Amino acid sequence: MKDFAGKIAFITGGASGAGFGYAQIFSEAGMKVVIADYRQDHLDEAMAYFKKKGAPVHAIQLDVTDRDGYARAADETEKVFGDVPDLLILNAGVNVFGPAEASTYADYDWVVGVCFGGVVNGLVTFVPRMIKAGGNRHIAATVSWGAFGAGTTTAPYSAAKAGVLNLMESYWQALKPYGIGVTAICPANIRSRIYEAALKNRPEQYAETGYNVSEDTQKLLAGIHAHGMDPRVLADWLKKGIENDQFLVAPYEHGPRMIELAVERFKYYASPEGMKAWEEKQKAPLSEEDIMLNSEREGYDMRASLEARKKEPVKGPAFGNDTIGFGKARADLDWIDQRKRFEKK
């Protein structure tokens, strides 16, 4: 898809963060845009922006785990703009941090339900309609860099995102004969408000978490996201990927090399000799390339951070000595020994 003018886009999680960036860029490209979002206050903020622009944008409140709600949203899109979406962007996501071994059923049901199930629901709702409508159409998903690596404090999220990447590749292959393109975009840190989800978006039936989550932990996370990629920059990367009919977009200058390094661990895992070599590799100092690529991905100067650590002991969640317990388990879980995460092996 290279011509966007006059076409229809449907974007989940479209009222803030990455989704709002997509809505801005594709609206500016001439598309009629539907922003679907769980949060009515976010929808109100986004619509105030688009009304000032005089842009043809329509808001729908949607819980992406609600299949009937998805069907109603699809019907409403056709009623408002007269056709099924030409571009479907499955972007809605939630995350929460805590030790994998502290995870509850509710942690998995909520995070996987939104991040993976929400994509499944979008595909099952819209793909038949898009096939029947014919023409040159496209589907994209915000997959996350988390798809490429295990997450000891983001197990439900990382697993869901890895599943979405595989799912999107399956649809990329399956939908080619119908003239429908598929793109998976995999950013790391984005300037977004996803940190609000754990306290404001989590339904009561999934309230039983094994993680320590508080106003203070989410405030710390907000500070991390503040240094992330501008959503409009991310949206430009996605637009170019769609124009080039590119399946996988790593939105960084050295993206292909970053992916290569991110997944190389599997070749080590596949033999006893490789496992030993991998252990030794983890003990080695970061290379110049590692420092450069990690800085690019996370949006901060990693070299400066490393130099600062040499001058002054670091306090923070990554070192197990923070006072707010970010990424830790609830204090009452008697099988968790947080100290083991920081023992030298």
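Sequential numbering of the sequence shown, starting at 22, is according to this note's numbering.
Just so you know, even glycine gets a beta-carbon here, dropped at the ideal spot from N, CA and C.
These numbers come from a predicted model, not from an experiment.
Measuring straight from C-alpha to C-alpha, what distance separates Lys74 and Ile56? Sequence index remark: in the sequence shown, residue 74 carries index 53 (1-based). Sequence index remark: in the sequence shown, residue 56 carries index 35 (1-based). Cα to Cα, the separation comes out at about 15 angstroms.
Environment of His248 [buried if 16+ CB atoms lie within 10 Å]: Within the sequence shown, residue 248 is the residue found at index 227, counting from 1. His248 comes out exposed.
Among residues of its own chain, excluding the 5 on either side of Ser213, which ones have a beta-carbon nearer than 8 angstroms to its beta-carbon? Within the sequence shown, numbered from 1, the residue matching residue 213 stands at position 192. Same-chain partners within the cutoff: Ser37, Gly38, Ala39, His246, Gly249 and Pro252.
Met250 in three-state terms, based on DSSP: Counted from its first residue, the sequence shown places residue 250 at position 229. Under the three-state reduction of DSSP, Met250 is assigned to strand.
So Phe268 and Val203 are in contact, right, with Cβ under 8 angstroms, and what is the actual spacing, rounded? Position 247 of the sequence shown, counted from the start, is the residue given in the question as residue 268. Position 182 of the sequence shown, counted from the start, is the residue given in the question as residue 203. Between Val203 and Phe268 the Cβ distance is about 6 angstroms, and since that is below 8 angstroms, they are a contact.
By the 10 Å Cβ neighbour count, where 16 or more other Cβ atoms means buried, how is Gln45 classified, buried or exposed? Position 24 of the sequence shown, counting from 1, holds the residue named residue 45. With 16 or more other Cβ atoms within 10 Å, it is buried.
For the alpha helix (DSSP H) that contains Lys74, what are its first and last residues? Here residue 74 refers to the residue found at position 53 when the sequence shown is read from its first residue. Residues Gln61 to Lys74.
Inter-residue spacing [alpha-carbon to alpha-carbon] between Gly143 and Val54: For the purposes of this step, residue 143 is identified with residue 122 of the sequence shown, where counting begins at 1. For the purposes of this step, residue 54 is identified with residue 33 of the sequence shown, where counting begins at 1. Their Cα atoms are separated by approximately 16 angstroms.
Which residue comes first and which comes last in the alpha helix (DSSP H) that contains Leu220? In the sequence shown, counting from the first residue as 1, residue 220 sits at position 199. The continuous alpha helix (DSSP H) containing Leu220 extends over residues Ala218 to Lys221.
Sheet register partners of Leu241 (DSSP bridge): Here the question's residue 241 lines up with position 220 in the sequence shown. According to DSSP, which records beta bridges pairwise, Leu241 is partnered with nothing at all.
Assign Asn187 to buried or exposed, taking buried as 16 or more other Cβ atoms, counted over all protein chains shown, within 10 Å of its Cβ. The residue labelled residue 187 in the question sits at position 166 within the sequence shown. Around the CB of Asn187, fewer than 16 other CB atoms lie within 10 Å, so the residue is classed as exposed.
One or two residues paired with Arg158 in a DSSP bridge: The count along the sequence shown starts at 1 and reaches residue 158 at position 137. Partner(s): Ile201.
Straight-line CA distance for Phe41 to Ser48? Within the sequence shown, numbered from 1, the residue matching residue 41 stands at position 20. Within the sequence shown, numbered from 1, the residue matching residue 48 stands at position 27. Each residue's CA atom was taken as its position, placing Phe41 and Ser48 some 10 angstroms apart.
Using the DSSP secondary-structure output, state which residues sit across from His275 in a beta bridge. Numbered from its first residue, the sequence shown carries residue 275 at position 254. DSSP lists no bridge partner for His275.
Taking the C-alpha atoms as reference points, what is the distance between Glu301 and Ile32? For the purposes of this step, residue 301 is taken as the residue at position 280 of the sequence shown. For the purposes of this step, residue 32 is taken as the residue at position 11 of the sequence shown. Note on geometry: alpha-carbon atoms of Glu301 and Ile32 lie some 44 angstroms from one another.
7 angstroms is my cut-off, CB to CB: does Ser235 come that close to chain C? Chain labels in this structure do not include chain C; a single protein chain is all it has.
Proximal residues to Gly25 (C-beta, below 7 angstroms), its chain only, five neighbours per side dropped: Counting from 1 along the sequence shown, the entry for residue 25 is found at position 4. Correcting the residue identity first, residue 25 is Phe in this sequence and not Gly. Contacts found: Phe47, Ala50, Gly51 and Met52.
Contact check, Asn233 vs Met22, beta carbons under 7 angstroms: If you number the sequence shown from 1, residue 233 lands on position 212. If you number the sequence shown from 1, residue 22 lands on position 1. No, the Cβ-Cβ distance between Asn233 and Met22 is not below 7 angstroms.
Among residues of its own chain, excluding the 5 on either side of Pro338, which ones have a beta-carbon nearer than 6 angstroms to its beta-carbon? Locating residue 338 in the sequence shown gives position 317, counting from the first residue. In this predicted model, Pro338 has a pLDDT of only 46, less than 50, meaning its place in the structure is not dependable; the value taken from the coordinates is given anyway. Result list for Pro338: Phe347 and Gly348, in chain order.
Counting C-beta neighbours from all protein chains within 10 Å, is the total for Asn116 16 or more, i.e. buried, or is it exposed? Along the sequence shown, read from residue 1 onward, the residue named residue 116 stands at position 95. With 16 or more Cβ atoms within 10 Å of its Cβ, Asn116 is classed as buried.
For Val368 and Gly114, what's the separation of their Cα atoms in angstroms? In the structure as shown, the chain starts at 22 and stops at 366, and residue 368 therefore has no counterpart that could be examined.
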